[in-house]
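**Q**
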Amino acid sequence: MHIKILNCNDNNKANCAINDIKKSLTEGQLDMFKKTVFGKFLNIPHCKFQTQLVNMLLLREVNQRRSDEVWINFAGKMLRFGIEEFALITGMKCIGSSKKLAFQQVTGGLLYFAGFRLTRNYIRSQFISKVWKNDEDAVKLAKLHLLANFLLGAHDTLLLDRRYLDIIDRSGCDEFPWGTEVFEYTIHYLKKTLHNRRAMHTRKDDVNDYLYRCYGFILALQIWFFEICDAADNLICSCIVGEDMPRMLKWEVKGCYNRLFIDRHFMNLSHDKFNNLSPTKFEKSNLQLDGLFKKKNQFLVDDDSSSNGPTHIQSEILNRLDEMGQKQTDMANELEMIKNLFMEFSTKSANDFAMLKEMILEGEVDANVGQDTDVENDPKGNEEAVNRFNADDVDAQVGQDTDSAHDPKRFNVDVDVNVGQDTDVANDPNGLNANVDVDTFSPINTQF
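In our numbering, the protein residues as written are 15 to 462.
(1) Which of the three DSSP states, helix, strand or coil, is assigned to Ile-86?
(2) In the DSSP assignment, what are the bridge partners of Val-267?
(3) I want to know whether the stretch 256-267 touches the stretch 53-68 - three or more CB-CB distances under 8 Å.
(4) Decide if Asp-317 is buried, meaning its Cβ has at least 16 other Cβ atoms within 10 Å, or exposed.
(5) State yes or no: is the C-beta of Phe-239 within less than 9 Å of the C-beta of Leu-71?
(6) Are the beta-carbon atoms of Leu-39 and Tyr-271 separated by less than 9 Å?
(7) Just checking my contact of Pro-191 with Ser-112 at CB under 8 Å: how many whole Å lie between their CB atoms?
(8) Could you have a look at Met-92 and say whether DSSP puts it in helix, strand or coil?
(9) DSSP state of Tyr-229, grouped into three classes?
(10) Spatial neighbours of Ile-250 within its chain, please: CB distance less than 6 Å, with the 5 preceding and 5 following residues excluded, ordered by chain position.
(11) When we look at the beta-carbon of Phe-280 and count the other beta-carbons within 10 Å, is it buried (16 or more) or exposed?
(12) State the start and end residues of the unbroken alpha helix (DSSP H) segment that holds Ala-31.
(13) Tell me the rounded alpha-carbon separation between Asn-148 and Asn-135.
(14) Where does Thr-194 sit, in a helix, a strand or coil, going by DSSP?
(15) What whole-angstrom Cβ distance do Ile-19 and Asn-69 have, given they're in contact under 8 Å?
(16) For Gly-167, which of Arg-177, Ala-156, Ile-182 and Tyr-199 has the nearest alpha-carbon?
(17) Report the residue from Met-345, Glu-195, Tyr-126 and Gln-119 whose alpha carbon sits nearest the alpha carbon of Gly-110.
(18) Please report the distance separating the alpha-carbon of Cys-243 from that of Arg-138.
(19) Quick one: what's got a C-beta closer than 7 Å to Lys-154's C-beta in the same chain, skipping five residues either side?
(20) Taking its Cβ as the centre, do 16 or more other Cβ atoms sit within 10 Å of Ile-352, making it buried, or is it exposed?
Written out as structure tokens, the structure is:
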């Protein structure tokens, strides 16, 4: 089964909002943008979106009470992705009210979208067309483009809430809790895909390719996995040296890994390879984390689930995936063993052939290997012919008994070899002459 997730968070793509901003703004406008709350996103390293990794994480989501958290089960260990983890990863403000109705429309503000549907595609079109009239408007449009087509990534034709225009158009834009807004949007659509994921993995038709959309900043979930899994570094991602706060700036991903690779390396890890996130002292003093990480990081079982503990969203699917992962691991080990055996055989064969070649060159090899050839003594030339080891005089008979007549003058043997048949050759007083016609040799048909 091949699964694809549509999302707009891959900053490797040429049409990514981050690349649009870097190419469209002037140097002065870029400096202005970098000083805003959104400026840090321009410094995200090359981070390719990993569809199969995210799909594996969502398959391991477990039922629990809170609708604003995602809990993932790895080897019986419950790992949380909530607004606290989102704040550590993005560095965005995740405290305070995000009620958009509190912001009134600005008179004489951004008028570039008046009379038009505020679709994500239209926002990008206006931005790359550079419709702004001054540097301030250029920065505002860059914020809107990043918000619509990266942080709140969705289908191009979906409308964006116009109230975001009113917030961005105000001087207090950077004080708005954008982290809370983006997180709530992201977690809402993660939960919304639950039904589609269940139906997709329980279908019994012959369809092998499935597609579903995950809106929002799903890249944060991917980076969260890099942080909580010790085995991820240097396998599917690289922790780069440099700025490491917020944490999204420290991870680089250049490759794209298929489902078999992801399952083989992560499905059967032990629980000690995973740890929930907690802020460092430096992060506590430099990020806006007031009120966060105060409660105990505790998993709460859903009231509808069994009393025995948390259940998988699709326990049957996960059990099957675990079994498949173990089989793939065993298969990989067996293939490695076969490879080693083949290498040993190749090395030994090469050495044997080298020794054989050396012996042939020294004239110490009996050329008749695996054959029984009866040759009558030739008083004149037979001993000389054997010593010369002329290849033309080798008995071509393989696995057969051939009676040859004596030739007092010369001993020429040309045998018509028919695989799997007995050939009687009459005596020729002038010499035993027959054409050698060797067809395909088959050890199955050859009689010994």
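Note that CB positions come from ideal geometry on N, CA and C, so glycine has one too. Note that this is a predicted model, so its numbers are computed, not measured.
**A** Taking the structure as given:
(1) Indexing the sequence shown from 1 puts residue 86 at position 72. Collapsing the DSSP output to three states places Ile-86 in a strand.
(2) On the sequence shown, position 253 is the one that residue 267 refers to. Paired residue(s): Cys-61.
(3) The way I'd put it, the stretch 256-267 does touch the stretch 53-68; three or more beta-carbon pairs between them come closer than 8 Å.
(4) Residue numbering aside, residue 317 sits at position 303 when the sequence shown is read from its first letter. Bear in mind that a pLDDT of 44 at Asp-317, under 50, signals an unreliable position, so the model cannot answer this.
(5) By one-based count along the sequence shown, residue 239 stands at place 225. By one-based count along the sequence shown, residue 71 stands at place 57. Between Phe-239 and Leu-71, the gap from beta carbon to beta carbon is short of 9 Å.
(6) Taking the first residue of the sequence shown as 1, we reach residue 39 at position 25. Taking the first residue of the sequence shown as 1, we reach residue 271 at position 257. It is not a contact, given that the beta carbons lie outside the stated cut-off.
(7) In the sequence shown, residue 191 corresponds to position 177, counting from 1. In the sequence shown, residue 112 corresponds to position 98, counting from 1. Going by Cβ atoms, the distance from Pro-191 to Ser-112 rounds to 5 Å, so yes, they are a contact pair.
(8) Here the question's residue 92 lines up with position 78 in the sequence shown. Correct three-state label for Met-92: strand.
(9) Translated into positions along the sequence shown, residue 229 becomes position 215. If DSSP states are grouped into helix, strand and coil, Tyr-229 belongs with coil.
(10) In the sequence shown, the residue the question calls residue 250 occupies position 236. Excluding the 5 residues flanking it on each side, Ile-250 has same chain C-beta neighbours closer than 6 Å at Tyr-271, in chain order.
(11) If you number the sequence shown from 1, residue 280 lands on position 266. Classification for Phe-280: buried.
(12) Looking up residue 31 in the sequence shown gives position 17. 31-38 is the extent of the alpha helix (DSSP H) around Ala-31.
(13) As a working note, residue 148 is residue 134 in the sequence shown. As a working note, residue 135 is residue 121 in the sequence shown. Roughly 22 Å separates the two Cα atoms.
(14) Position 180 of the sequence shown, counted from the start, is the residue given in the question as residue 194. The answer is helix: DSSP assigns Thr-194 an H, G or I state.
(15) For the purposes of this step, residue 19 is taken as residue 5 along the sequence shown, with counting starting at 1. For the purposes of this step, residue 69 is taken as residue 55 along the sequence shown, with counting starting at 1. Contact holds; Cβ gap of about 6 Å.
(16) As a working mapping, residue 167 is identified with position 153 in the sequence shown. When only C-alpha atoms are compared, the closest one is Tyr-199.
(17) The count along the sequence shown starts at 1 and reaches residue 110 at position 96. The candidate whose alpha carbon is nearest that of Gly-110 is Glu-195.
(18) Taking the sequence shown and counting its residues from 1, the one referred to as residue 243 is at position 229. Taking the sequence shown and counting its residues from 1, the one referred to as residue 138 is at position 124. Taken atom to atom, the span from the alpha-carbon of Cys-243 to that of Arg-138 is near 36 Å.
(19) The residue you call residue 154 lines up with position 140 of the sequence shown. Residues of the same chain with a CB within less than 7 Å of the CB of Lys-154, apart from the 5 flanking positions on each side, are Leu-124, Ile-182 and Asp-183 in chain order.
(20) The sequence position of residue 352 within the sequence shown is 338, counting from 1. Classification for Ile-352: exposed.
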